[in-house]
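In full-length UniProt numbering, the protein residues as written are 1 to 113.
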């Protein structure tokens, strides 16, 4: 395998890993916010700054989708793998698991450290 391709895949993998974790963390914060607002204090008593969790998660999820596309293109994934990877950012805790699985697959396939 060409070293330049390995380097491109390694960079894409780093971006993918970071966006997967950020997306996962903000999705968990969003779920916690929803439980707090809708089950504990009520929408009218919730602080307004909690609304930013959804916005940040949405932006992080868009970055995660772009990072998944970038890595998938460079690693030459099948479309089904792209789709399942992208959907992982919308299910709580799944982005952490899928990131680990994809990271291990890519490291093994491209002999990355």
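Glycine included, C-beta positions come from ideal geometry on N, C-alpha and C. A quick note: this is a predicted structure, and the numbers were derived from the prediction, not measured.
> Given residue 88, which residues of its chain have a CB within under 6 Å of its CB, disregarding the five upstream and five downstream residues?
Replying inline: 94, 95, 98
>> Can you check which of these residues, 7, 12, 49, is closest to residue 102 by C-alpha distance?
In response: 12
>> Using the three-state DSSP reduction, which class does residue 60 fall into: helix, strand or coil?
In response: helix
> According to the Cβ coordinates, are residue 63 and residue 109 closer than 8 Å?
Replying inline: no
> What's the call for residue 49, buried or exposed, on a 16-neighbour Cβ count within 10 Å?
Replying inline: exposed
> Are the CB atoms of residue 25 and residue 67 nearer to each other than 8 Å?
Replying inline: no
> Between residue 60 and the rest of its own chain, which residues show a CB-CB distance below 7 Å, the 5 nearest in sequence each way excluded?
Replying inline: 19, 22, 23, 26
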